[in-house]
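Counting with my numbering, you get residues 40 to 293 for the letters of the sequence shown.
Written out below as C-alpha cells is the structure these notes cover.
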Amino acid sequence: MRQPLIAGNWKMNGSKVMTAELLTAIKAGLGDIEASEVAVCPPFPYLHIAEEMLSGTPIRYGSQDCSREEDGAFTGQVSATMLKDFGCTYAIVGHSERRLFNAETDAVIARKYQMVTAHGLTPILCVGETLEEREQGKTEEVVARHLDAVLELPGGVAELAKGVIAYEPVWAIGTGVTATPEQAQEVHAFLRQRVAKKDPEVAAELRILYGGSMKPGNALELMAQADIDGGLIGGAALKAADFLAICKAGDANA
Ligand code: PEP
C-alpha cells in the first residue's frame, strides 16, 4: 500500500514571519490528518525555521533543489550534506521552473538525484510536458525521457526506488488549469508501467504524485485515481486551510 504524500512547494515565497505562521497553522491542523504523509519545501533560508518548528513532529520538510556537487567553489549552491545537516527528508529535483529558468538538463537533474540519494535524502523527481509538447502528441515521449534519465543511472531501477516521482504537466503549473483526473491517471499509469518493465515490485511501491493547480476542490477526485499517490502543491500550499484540506483528501484515498 502506498502512503499518500502531500508535499508543499513554496517556491520563492515567504518571510521568517510567514514561515512561522504557516508552519504553526499546519501543525495545529495536523491532528485531523490520519493517513497522509505531510511535507513542506520552503526556500533555503527558512529551512532552519522548519527544523526548529517541525523536529519531533510527523511533518517532514525538504528543499526545492540541491547542488549536483559535493562541496567547494560553487557560489550560490546548496549541497545535499547541508540539507541533511538541517534535517531535511526530501529534495525536489528537476522542477520545470528550474529546467526552464536555470537550463537544467536531464543529465544535470540525474546527477542531482544521485547526490540526494547518496546523502540519504529522498528526491522528488519532477517530470512533465509543456502544452506544445502535449499538443504535438509527445507527452509520453517527454515524461519517459525525464524518467529514463534516472532509470539509466548506474543504480538503475534500484536508484529510482529511492525517490518519489511528481508528474507535473507544465501547462497546469500555476495556471489554474488542472489536468483532468483521466489525463493525469493516463500519464501516471504510463510511468508506472514503464518502471514495471524493469521491476514490477518497485513499480508497485513507487509513489507518483500529481502537481499542477491541485487545490481542495479537485484534490479528492485526482487522488482517487489508481496511480495518483498524492500531490506536489504550489500555490495552495501557501494557505494552511487549503493545504490541510488537500492532506485530508489524501487521507480519503489512503
Ligand atoms: C508546482 O510548482 O510544483 C506546482 C504544482 O504549482 P501549482 O500547484 O501552483 O500549480
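Ideal Cβ positions, reconstructed from N, Cα and C, are used throughout, including at glycine.
Residue ranges of uninterrupted beta strand (DSSP E) with 3 or more members, entirely inside the stretch 107-141 and ordered along the chain, are 129-132. One Cα belongs to residue 82, the other to residue 51, and the distance between them is close to 6 angstroms. With a cutoff of 8 angstroms on beta-carbon distance, residue 163 and residue 189 are scored as not near each other.
Taking C-alpha positions only, residue 49 is separated from residue 240 by approximately 32 angstroms. Here DSSP, grouped into helix, strand and coil, assigns residue 200 to coil. Residue 169 sits in coil when the DSSP states are folded into three classes, being neither helix nor strand.
For residue 223 against residue 249, the beta-carbon gap comes to about 5 angstroms, under 8 angstroms, which counts as contact. Residue 271 and residue 253 have their C-alpha atoms some 8 angstroms from each other. In the DSSP assignment, residue 48 is bridged to 80. Residue state for residue 99 is assigned as strand, using DSSP reduced to three classes.
Residue pairing of residue 164 in beta bridges, as defined by DSSP: 132 and 204. Note on residue 184: under 16 other CB atoms within 10 angstroms of its CB, so exposed under the neighbour-count rule. For residue 248, the pairing in a beta bridge is given by DSSP as 205.
Residue 281 is classed as buried because its beta carbon has at least 16 other beta carbons within 10 Å across all chains shown. The distance from the Cβ of residue 173 to that of residue 208 is about 7 angstroms, consistent with a contact at the 8 angstroms cut-off. Residue pairing for residue 272: DSSP places it in a beta bridge opposite 47. For residue 158, the CB contacts under 7 angstroms within the same chain, skipping 5 residues up- and downstream, are 119, 120 and 123 in chain order.
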